[in-house]
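Reviewing the structure listed below.
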Amino acid sequence: MNRIYRVIWNCTLQVFQACSELTRRAGKTSTVNLRKSSGLTTKFSRLTLGVLLALSGSASGASLEVDNDQITNIDTDVAYDAYLVGWYGTGVLNILAGGNASLTTITTSVIGANEDSEGTVNVLGGTWRLYDSGNNARPLNVGQSGTGTLNIKQKGHVDGGYLRLGSSTGGVGTVNVEGEDSVLTTELFEIGSYGTGSLNITDKGYVTSSIVAILGYQAGSNGQVVVEKGGEWLIKNNDSSIEFQIGNQVTGG
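For the record, in the sequence shown the residue sitting at position 131 is 131 according to full-length UniProt numbering, with numbers rising by one throughout.
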């Protein structure tokens, strides 16, 4: 008996559903807009999700999974256990102006999880905060074993804890920070952990790292940073103990 479950959004019924992890949604690209709605609809959806999670045996709240050619837009306050964008297939998550996405637990979020997957997160004027409800920094893998892209534009903000680009062998992760008041903050930042990682800061985009910044972490990895057109990467903390490595076990540039 299959006991592996995943939670997906049913666009027809407008509710979350638990189904077999082996189930794949077929059909055209679908778009889900996560925004404020009537009290009745909100209460029903949350109740349905809670019941389905109980039936599936999950011990925690739901993660937001965007996969199988799905596009999800966030323009209000939301909180999930994790954000999984491009798990087996292709997924796009847009955090728009007015959107404030945060975490509830200590789970790792992933963009481009498995081989041949492709995930993209566009933070376009919204905010994505990668800290749990206890204000603990949580990991974000961009390009785990697939291809992942994080775009921060139009005064978007990502308040990140531990960012890893190309976190596994074969993974390709790219972060683009573009435009004035577009900001990425990190504590630990690995650009090319085990795979390939690229950071591009342009047009007065701004990035900070406060604990460790590493380009090319493990053997076989590749890390690259491009800062141009008024972009800035500030690597500093209050006690001057930050560590910056270029080519920990390989070359980075």
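Virtual Cβ for every residue (Gly too), placed ideally from N, Cα, C.
*Does the beta-carbon of L234 have 16 or more other beta-carbons within 10 angstroms, so that it is buried, or is it exposed?*
The residue in question, L234, is exposed, as its Cβ has fewer than 16 Cβ neighbours within 10 Å.
*Do G160 and L199 have their C-beta atoms within less than 8 Å of each other?*
no
*With distances taken from CA atoms, which of N136, V123, G134 and G148 is nearest E115?*
That would be G148, whose Cα lies nearest to the Cα of E115.
*Compare the beta carbon distance of G156 and G125 with 8 Å and say whether it is the shorter of the two.*
yes
*Do V66 and I95 have their C-beta atoms closer together than 8 Å?*
no
*With 16 other CB atoms within 10 Å as the buried threshold, where does A62 fall?*
By the 16-neighbour rule on beta-carbons within 10 angstroms, A62 is buried.
*Using DSSP with H/G/I as helix, E/B as strand and the rest coil, what is S209?*
strand
*Please name the residue in T196, V183, T185 and V158 whose C-alpha comes closest to that of L165.*
T196
*V227: which of E118, V175, S133 and G91 sits nearest, CA to CA?*
V175
*Would you decide whether T186 is buried or exposed? Buried here means 16 or more other CB atoms lie within 10 Å of its CB.*
buried
*How long is the line joining the alpha carbons of A79 and T169, rounded to whole angstroms?*
Each residue's alpha carbon lies about 30 Å from the other.
*Short check: CB of T107 to CB of D81, under 8 Å?*
yes
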